[in-house]
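Undergrad: Everything in the sequence shown is counted per this note's numbering, starting at -10 for the first residue and increasing by one. We put the beta carbon where it would ideally sit given N, CA and C, even for glycine. Encoded as C-alpha coordinates, here's the structure I'll be asking about.
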Amino acid sequence: MSNSDDIRCEAISALIERLGIAKTAFYIRETMSQPVDYLKLKEQLFGEMTVDDICSEIQRNQS
(Lines of atoms letter the chains of each structure in order from A and count residues from 1; the text may use other names and numbers.)
(Lines give C-alpha, C1' and ligand atoms only; values in the text may rest on other atoms or scores of the structure.)
Protein backbone atom coordinates (compact mmCIF):
# COMPACT_ATOMS: atom_id res chain seq x y z
CA MET A 1 0.00 0.00 0.00
CA SER A 2 1.18 3.49 -0.74
CA ASN A 3 1.42 6.13 1.95
CA SER A 4 -1.82 7.76 0.75
CA ASP A 5 -3.59 4.39 0.96
CA ASP A 6 -2.31 3.95 4.52
CA ILE A 7 -3.65 7.37 5.46
CA ARG A 8 -7.03 6.64 3.86
CA CYS A 9 -7.29 3.35 5.76
CA GLU A 10 -6.36 5.04 9.03
CA ALA A 11 -8.89 7.82 8.42
CA ILE A 12 -11.68 5.39 7.59
CA SER A 13 -10.86 3.32 10.67
CA ALA A 14 -11.02 6.46 12.83
CA LEU A 15 -14.36 7.43 11.29
CA ILE A 16 -15.79 3.96 11.88
CA GLU A 17 -14.57 4.00 15.48
CA ARG A 18 -16.10 7.44 16.10
CA LEU A 19 -19.25 7.36 13.95
CA GLY A 20 -19.97 3.68 13.38
CA ILE A 21 -20.10 1.89 10.06
CA ALA A 22 -23.45 3.27 8.83
CA LYS A 23 -22.60 6.94 9.39
CA THR A 24 -19.12 6.42 7.95
CA ALA A 25 -20.56 4.82 4.82
CA PHE A 26 -23.01 7.72 4.47
CA TYR A 27 -20.21 10.26 4.91
CA ILE A 28 -17.98 8.56 2.34
CA ARG A 29 -20.82 8.27 -0.16
CA GLU A 30 -21.75 11.94 0.26
CA THR A 31 -18.21 13.29 0.08
CA MET A 32 -17.08 11.10 -2.80
CA SER A 33 -20.06 11.99 -4.98
CA GLN A 34 -19.72 15.76 -4.59
CA PRO A 35 -17.37 17.92 -6.62
CA VAL A 36 -14.88 19.59 -4.31
CA ASP A 37 -13.34 23.01 -4.75
CA TYR A 38 -10.02 22.22 -3.08
CA LEU A 39 -8.84 25.82 -3.15
CA LYS A 40 -11.99 26.95 -1.32
CA LEU A 41 -11.58 24.11 1.17
CA LYS A 42 -7.93 25.06 1.73
CA GLU A 43 -8.97 28.65 2.36
CA GLN A 44 -11.67 27.57 4.84
CA LEU A 45 -9.29 25.29 6.73
CA PHE A 46 -6.13 27.38 6.75
CA GLY A 47 -7.07 30.95 5.81
CA GLU A 48 -3.94 33.09 5.76
CA MET A 49 -1.79 30.54 7.63
CA THR A 50 1.69 29.94 6.24
CA VAL A 51 3.31 26.52 5.96
CA ASP A 52 5.34 27.42 9.07
CA ASP A 53 2.13 28.27 10.95
CA ILE A 54 0.57 24.95 9.98
CA CYS A 55 3.72 23.00 10.95
CA SER A 56 3.85 24.77 14.32
CA GLU A 57 0.18 23.92 14.93
CA ILE A 58 0.81 20.27 14.09
CA GLN A 59 3.78 20.13 16.45
CA ARG A 60 1.76 21.73 19.28
CA ASN A 61 -1.00 19.16 18.82
CA GLN A 62 1.43 16.24 18.83
CA SER A 63 2.91 17.20 22.19
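Helix, strand or coil: how does DSSP classify M38 here?
TA: Here residue 38 refers to the residue found at position 49 of the sequence shown. In this structure, M38 counts as coil in the three-state DSSP scheme.
Undergrad: The alpha helix (DSSP H) with D(-5) in it runs from where to where?
TA: What you label residue -5 is simply residue 6 of the sequence shown in a count that begins at 1. Note, D(-5): alpha helix (DSSP H), N(-8) to L8.
Undergrad: What would DSSP say about S52, mapped onto helix, strand or coil?
TA: Start at 1 with the first residue of the sequence shown, and residue 52 comes out as number 63. Three-state result, S52: coil.
Undergrad: Less than 6 Å separating the Cβ of Q23 from some heavy atom of the ligand FMN?
TA: For the structure depicted, the ligand FMN is absent and the ligand set is empty, with no information on it obtainable.
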